[in-house]
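Novice: Handing you a structure now.
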Amino acid sequence: MSQQPWARSDEDPLTLDVTLHNLFAPPENASVPCRFTFDPADPFSVRLDLMTPSAPRISWVIGRDLLTQGTEGLSGEADVKVWPSRRHDDTPFLYLRLERTYASAAFMTELAPIRAWLERTYDLVPRGGESRLVDWDALACCLLPPR
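In UniProt numbering, the protein residues as written are 1 to 147.
Right, here's the structure in full:
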């Protein structure tokens, strides 16, 4: 992720590469490589980069807490929804629905690697500790017009 002028962290980003399975794509296009990136300098969010061979990289930035909550139950509204599989007899999966104005896609991937990776992100920046990494004066300068 790009370094925000208001963020303070010396930690390197933490990544996870997984394969998402597009639930509505033809079989030959159903597997989509995806990289999840957590940058401690932007601790409230996670970036998903969908890397399809036939199209430019598609990036989504979603809340880390939204993704975490989606590993336990339905989370999100509007353009991002995340939820775990309800079946307990098989490998648990995580479902992810991404929507834009005229398009949407639904994916699934194994839940365990996502959960383990999220735990590592909370080891780097504990829940509730995100705001300690924000330089509030610099953020105010970015948001407010110059005097």
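The beta-carbon is built from N, C-alpha and C at its ideal position, and this holds for glycine as well.
For a quick check, are the C-beta atoms of residue 20 and residue 71 less than 8 Å apart?
Specialist: Your numbering for residue 20 matches position 20 in the sequence shown. Your numbering for residue 71 matches position 71 in the sequence shown. No; because the gap between Cβ atoms is not below 8 Å, this pair is not in contact.
Novice: Going by the DSSP bridge assignment, what does residue 93 pair with across the sheet?
Specialist: Looking up residue 93 in the sequence shown gives position 93. Answer is 110, bridged to residue 93.
Novice: Need the endpoints of the beta strand (DSSP E) that residue 19 sits in, please.
Specialist: Against the sequence shown, residue 19 aligns to sequence position 19. 14 to 22 is the extent of the beta strand (DSSP E) around residue 19.
Novice: Could you tell me the distance, in whole angstroms, from the CA atom of residue 96 to the CA atom of residue 16?
Specialist: Within the sequence shown, the letter at position 96 stands for residue 96. Within the sequence shown, the letter at position 16 stands for residue 16. Rounded to the nearest angstrom, the two C-alpha atoms are 16 Å apart.
Novice: Measuring only the C-alpha atoms, how far is residue 23 from residue 132?
Specialist: Taking the first residue of the sequence shown as 1, we reach residue 23 at position 23. Taking the first residue of the sequence shown as 1, we reach residue 132 at position 132. Near 39 Å, if we compare the C-alpha coordinates of residue 132 and residue 23.
Novice: Looking only at its chain, what residues have a beta carbon closer than 8 Å to the beta carbon of residue 74, apart from the 5 residues adjacent to it on each side?
Specialist: Taking the sequence shown and counting its residues from 1, one reaches residue 74 at position 74. Here the set comprises 81, 82 and 83.
Novice: Tell me the DSSP secondary structure of residue 37 in three-state form.
Specialist: Mapped onto the sequence shown, residue 37 falls at position 37. In the structure shown, residue 37 sits in a strand (DSSP, three-state: E or B).
Novice: How should residue 163 be labelled, buried or exposed, when 16 other C-beta atoms within 10 angstroms of its C-beta is the threshold for buried?
Specialist: This structure does not reach residue 163, given that the chain is present from 1 up to 147, and the question cannot be answered.
Novice: Can you name, in chain order, every residue of its own chain whose Cβ lies under 6 Å from the Cβ of residue 76, other than the five neighbours on each side?
Specialist: In the sequence shown, the residue the question calls residue 76 occupies position 76. For residue 76, where only same-chain residues beyond five positions count, the Cβ hits under 6 Å are 66 and 82.
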